[in-house]
Amino acid sequence: MKGVEAFRVSIQLLTPTIITSLAGYRGMSYSVVSSYIPGSMVRGALFTRMLLERLLNEKTINEESLRPRHAVSPALYVPHWLDKALPFSSVSFAHALAYTLKSGRDGGSVYSLGLDRLLDAVRKGVDVQRALSELIFEHSLRMDCKAYSEALERPDKSLVAVFRSSTEARPAQGLTIARKGGSWLAVSPERGIYAETAVDRARGSAAHGALYAYEYIVPGSRFVALLSAEEGSPIAEALNSLSGCIEVRIGRGTGRGFGIARMCIERLGSDERSELENEEVRSGEIVALCALSPLATLTPLPEPVAPSVGAIDVKVFGSKAGRFDVIAVLGRGTQLYTGWSYRTRSPKLPIKANTPGTIVIARVTQVSELLRETALAGINELSSQGMSFVKILTRDYIPEG
Amino acid sequence: MEPLRICYALKLIGGGLWGSARHTLEADIPTIVCRHASGLELPCIPPTYMKGLLRRTLEEVVHKLVELGIVSSRDIVTKLFGPLTPMGEAAEALPSNTVIAPLYPIKSAEDARRLANLEPLSYLRSSEHLAAPSTYREPHVRLDDRRHSAAAGALYHELRVVPHTLFYGEVLHYPQSESEALDAARALLISLSLLNYRYVGRTTPARIAVIRVEPAKIAEDQLVAHVMKLRSIDELG
Numbered sequence: 000m001k002g003v004e005a006f007r008v009s010i011q012l013l014t015p016t017i018i019t020s021l022a023g024y025r026g027m028s029y030s031v032v033s034s035y036i037p038g039s040m041v042r043g044a045l046f047t048r049m050l051l052e053r054l055l056n057e058k059t060i061n062e063e064s065l066r067p068r069h070a071v072s073p074a075l076y077v078p079h080w081l082d083k084a085l086p087f088s089s090v091s092f093a094h095a096l097a098y099t100l101k102s103g104r105d106g107g108s109v110y111s112l113g114l115d116r117l118l119d120a121v122r123k124g125v126d127v128q129r130a131l132s133e134l135i136f137e138h139s140l141r142m143d144c145k146a147y148s149e150a151l152e153r154p155d156k157s158l159v160a161v162f163r164s165s166t167e168a169r170p171a172q173g174l175t176i177a178r179k180g181g182s183w184l185a186v187s188p189e190r191g192i193y194a195e196t197a198v199d200r201a202r203g204s205a206a207h208g209a210l211y212a213y214e215y216i217v218p219g220s221r222f223v224a225l226l227s228a229e230e231g232s233p234i235a236e237a238l239n240s241l242s243g244c245i246e247v248r249i250g251r252g253t254g255r256g257f258g259i260a261r262m263c264i265e266r267l268g269s270d271e272r273s274e275l276e277n278e279e280v281r282s283g284e285i286v287a288l289c290a291l292s293p294l295a296t297l298t299p300l301p302e303p304v305a306p307s308v309g310a311i312d313v314k315v316f317g318s319k320a321g322r323f324d325v326i327a328v329l330g331r332g333t334q335l336y337t338g339w340s341y342r343t344r345s346p347k348l349p350i351k352a353n354t355p356g357t358i359v360i361a362r363v364t365q366v367s368e369l370l371r372e373t374a375l376a377g378i379n380e381l382s383s384q385g386m387s388f389v390k391i392l393t394r395d396y397i398p399e400g
Numbered sequence: 000m001e002p003l004r005i006c007y008a009l010k011l012i013g014g015g016l017w018g019s020a021r022h023t024l025e026a027d028i029p030t031i032v033c034r035h036a037s038g039l040e041l042p043c044i045p046p047t048y049m050k051g052l053l054r055r056t057l058e059e060v061v062h063k064l065v066e067l068g069i070v071s072s073r074d075i076v077t078k079l080f081g082p083l084t085p086m087g088e089a090a091e092a093l094p095s096n097t098v099i100a101p102l103y104p105i106k107s108a109e110d111a112r113r114l115a116n117l118e119p120l121s122y123l124r125s126s127e128h129l130a131a132p133s134t135y136r137e138p139h140v141r142l143d144d145r146r147h148s149a150a151a152g153a154l155y156h157e158l159r160v161v162p163h164t165l166f167y168g169e170v171l172h173y174p175q176s177e178s179e180a181l182d183a184a185r186a187l188l189i190s191l192s193l194l195n196y197r198y199v200g201r202t203t204p205a206r207i208a209v210i211r212v213e214p215a216k217i218a219e220d221q222l223v224a225h226v227m228k229l230r231s232i233d234e235l236g
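These protein sequence lines map, in sequence, to chains X and E.
Last residue of the first sequence: 400 in numbering that gives the first Met the number 0, with the numbers rising by one and none dropped.
Last residue of the second sequence: 236 in numbering that gives the first Met the number 0, with the numbers rising by one and none dropped.
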């Protein structure tokens, strides 16, 4: 296989954008996925535009759909304090061991229970469930002691201050997080509601019972995604020939002015690429695989990763890159991806996947050079639909609380 | 196929109101306020409104346009605005070939010409040409149907955009063939032109000016050129 070319896709919304997450009663109201845009939508918006610009033809798009040699990650929300963000580096998903404090006294910081210590314990032969429960117990005790001692050091030393210092936590898995200084903060864009009423054609006034509303992401919000393609492939060539930025349409209601966005594509520099590449791993080593998008494995039909799956075969653009034996899966359930294909004019195959941030504890059984690229190109062909991007973690990227 | 782009301006000749579900202390019925990508919040004309108006106007005259040979088929309504679905049924999932962008208030006719010479839709991200228009409260009272005088407790206020405010907007269409591009241009320009004779908001009269039509080949069409001349921005005053 040839090398992998990687690009940063920056998106700025120019009009309200509806990324439907849930359709309500008779489809009359919609709530949105706000903190990320699914990779399939990013790909759809870009390919449609490239087709219109004649940078790609229908034959290439059909070939890429059947035998993909490209990958598109979900586009993550970029907060205002980050000028230029890199997905999975300065903005990312919080993993399964991440949490935030309910009291919000630390401004929405995200902490980790300690993936490093969990991995150490598992490498020493401790059962994952036991290691995890010990970790949670020790961690809560330490957090409580720290918070209460800080409260008691306050001049008033009141019980109220002690109670206010509650360390009650909530899981943060799957939240979009952004780096600020030395810590990670949970971030999401502002949302608004747009109400409309259908017009009765006979009367020319509001139709009875036809008031409906959309939730939308406000214009001006920025997102960033990764796009990679096999060197020399038509997609890579088309991306290289794109100069400047292009206008694209994302989400629902684009004919009515929703979802107009500006997309800028630039090739990743070598420093940025090296930030995303996995560290070298050895055969037999126990590592954590962190899902940077919804995660599904092909057996050969797509299904979520679970210990019952046994092993995960990693393929980068169809070339075998490595293999992992699954030991445990830590995460908050699964999600179902359904969609409509404009290409085939039919519903897409529904895909059940682990939610972003899921951690798979696994043993490396086969290694190759391509295994470094799993955060850029995914672990199977579902990465062309914005799924199965994985970072091999040998150490935690979120600080312990 | 090169996309069809129509740049147009709309000048209010009465107070402008586009109903909003937002609650405010200023008035009972405030006009809609949009967030521009630059972060500014200002009264605007939502594209959902414009799309409804253009579709409805075209539906009313399309049979005549076909009769006169101005457009080739009545299908142009569906090609431009999508299929019509009965109330309560899910719309057919088809990609829309037309983009109707929101209209934002601008400072002058000169700005409208300048924006039309820039890249398509660039006014959606740059704020230098925007001008937040003044608004005013217009009191109304509902009449009692039997007494034909003011109904008790029925005084209400509308928040309207001041007359003579100038808005700028664009319509893009991605045609499948050259004949469709010409049909689409003619149909859209005639619909826009006819908005001079109907309300463009809640009892909101306005005048329309067509500033630019792209590609140049379409703009050279006799009918398109005639409508552009008739609805020139210089005629808005």
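Each residue gets a CB set at the ideal place from its N, CA and C atoms; glycine is no exception.
None of these values were measured; they are calculated from a predicted model.
X/F388, DSSP secondary structure in three states: Coil, per DSSP.
E/C237 - DSSP class collapsed to helix/strand/coil: Here chain E covers residues 0 to 236 and nothing more, so residue 237 of chain E does not appear.
Endpoints, alpha helix (DSSP H) assigned at X/D324: Note, X/D324: premise wrong, no alpha helix (DSSP H); beta strand (DSSP E) at S318 to L329.
Close Cβ partners of X/K347 (< 6 angstroms) along its chain, the five nearest in sequence each way excluded: The beta carbon of X/K347 sits closer than 6 angstroms to those of G338 and S340, all from its chain and outside the five residues before and after it, given in chain order.
Beta-bridge pairing of X/M262 - partner residues as DSSP gives them: In the DSSP output, where bridge partners are listed per residue, X/M262 has X/I10 and X/I245.
Partners in chain A for E/R206, counting only beta-carbon separations shorter than 7 angstroms: Looking at the structure shown, chain A is missing, and the protein chains on hand are X and E.
Own chain, CB closer than 7 angstroms to E/P29, minus 5 neighbours either side, in chain order: For E/P29, same chain residues with a beta-carbon under 7 angstroms away, outside a window of 5 residues either side, are S19, R21, T23 and L158 in chain order.
Meets three-Cβ-pair contact criterion under 8 angstroms: the region 223–235 of chain X and the region 42–54 of chain E: Not touching, per the Cβ criterion.
Any 3 or more C-beta pairs closer than 8 angstroms across the region 273–290 of chain X and the region 359–375 of chain X: A contact exists between the region 273–290 of chain X and the region 359–375 of chain X.
Beta carbon proximity, X/V217 to chain E, threshold 8 angstroms: Interface criterion met: the Cβ of X/V217 is under 8 angstroms from a Cβ in chain E.
Under 8 angstroms by beta carbon: chain X residues contacting E/L120: Ordered by position in chain X, the residues that pass the 8 angstroms Cβ test against E/L120 are L13, E246 and I259.
E/L142 versus E/T203 - alpha carbon distance: Rounded to whole angstroms, the gap between the alpha carbons of E/L142 and E/T203 is 21 angstroms.
Complete runs of the beta strand (DSSP E) confined to the region 38–102 of chain X [at least 3 residues]: Within the region 38–102 of chain X, the complete beta strand (DSSP E) runs of at least 3 residues are 69–71, 74–77, 90–92 and 97–100.
First and last residue of the uninterrupted beta strand (DSSP E) at E/Q221: For E/Q221, there is no enclosing beta strand (DSSP E); the enclosing alpha helix (DSSP H) covers residues Q221 to L229.
Cut-off 7 angstroms between Cβ atoms - residues of its own chain near X/G332, not counting five sequence neighbours on either side: Closer than 7 angstroms at Cβ, skipping near neighbours: T354.
Contact list for E/T77 against chain X, beta-carbon separation under 7 angstroms: Result: empty, since nearest Cβ-Cβ is about 12 angstroms, beyond 7 angstroms.
Classification of E/E118 by the beta-carbon crowding that lies within 10 angstroms, buried from 16 upward: Classification for E/E118: exposed.
X/P170 versus X/P67, X/M386, X/Q365 and X/G356, residue with shortest Cα-Cα distance: Shortest Cα-Cα distance from X/P170 to any of X/P67, X/M386, X/Q365 and X/G356 involves X/G356.
Listed by chain order, chain E residues near X/L51 by CB distance under 9 angstroms: Neighbours of X/L51 in chain E, taken as residues at a C-beta separation under 9 angstroms, are given in chain order as M0, P2 and Y173.
Pairwise C-alpha distance: X/L174 and X/M142: For X/M142 and X/L174, the distance between alpha carbons rounds to 22 angstroms.
Interface flag, X/A194 vs chain E, CB-CB below 8 angstroms: Output row for X/A194: interface = yes.
Cβ contact (3+ pairs, closer than 8 angstroms) linking the region 250–268 of chain X and the region 380–387 of chain X: Judged by pairs of C-beta atoms under 8 angstroms, the region 250–268 of chain X does not touch the region 380–387 of chain X, as fewer than three such pairs exist.
Identified DSSP bridge partners for X/Q334: Paired residue(s): X/A352.
Alpha-carbon to alpha-carbon, X/S30 and X/S20: In a straight line, the C-alpha of X/S20 is about 6 angstroms away from that of X/S30.
Residues that E/V61 contacts on chain X, provided the C-beta gap is smaller than 7 angstroms: Using a Cβ-Cβ cut-off of 7 angstroms, E/V61 is close to nothing in chain X; its nearest Cβ partner there is about 15 angstroms away.
Contact residues within the region 294–309 of chain X, judged by C-beta distance below 8 angstroms to chain E: Going along the region 294–309 of chain X in chain order, one finds no residue with a Cβ nearer than 8 angstroms to chain E.
Secondary structure of E/A108, DSSP reduced to three states: Helix, per DSSP.
The alpha helix (DSSP H) enclosing E/F166, as first and last residue numbers: Counting along the chain, E/F166 sits inside no alpha helix (DSSP H); it lies in the beta strand (DSSP E) bounded by residues L165 to H172.
Interface flag, X/T393 vs chain E, CB-CB below 8 angstroms: Not closer than 8 angstroms to any Cβ of chain E, the Cβ of X/T393 fails to qualify, so no.
Among X/I358, X/A70, X/L54 and X/E62, the one whose alpha carbon lies nearest that of X/V8: From the listed residues X/I358, X/A70, X/L54 and X/E62, the smallest Cα separation to X/V8 is found for X/A70.
Listed by chain order, chain X residues near E/T203 by CB distance under 9 angstroms: Result: empty, since nearest Cβ-Cβ is about 15 angstroms, beyond 9 angstroms.
Stretch pair the region 78–97 of chain X + the region 236–250 of chain X: three plus CB contacts closer than 8 angstroms: Flag = no, the region 78–97 of chain X and the region 236–250 of chain X do not touch.
Interface flag, E/P214 vs chain X, CB-CB below 8 angstroms: For E/P214, the answer is no, since every Cβ of chain X falls outside 8 angstroms of its Cβ.
Contacts that X/G250 makes with chain E (C-beta to C-beta distance below 9 angstroms): Within chain E, no residue comes near X/G250; the closest Cβ sits about 12 angstroms away, beyond 9 angstroms.
Partners in chain X for E/R124, counting only beta-carbon separations shorter than 8 angstroms: Neighbours of E/R124 in chain X, taken as residues at a C-beta separation under 8 angstroms, are given in chain order as Q11, L13 and R261.
Range of the contiguous beta strand (DSSP E) that encloses E/E213: Residue range A205 to E213 is occupied by the beta strand (DSSP E) that includes E/E213.
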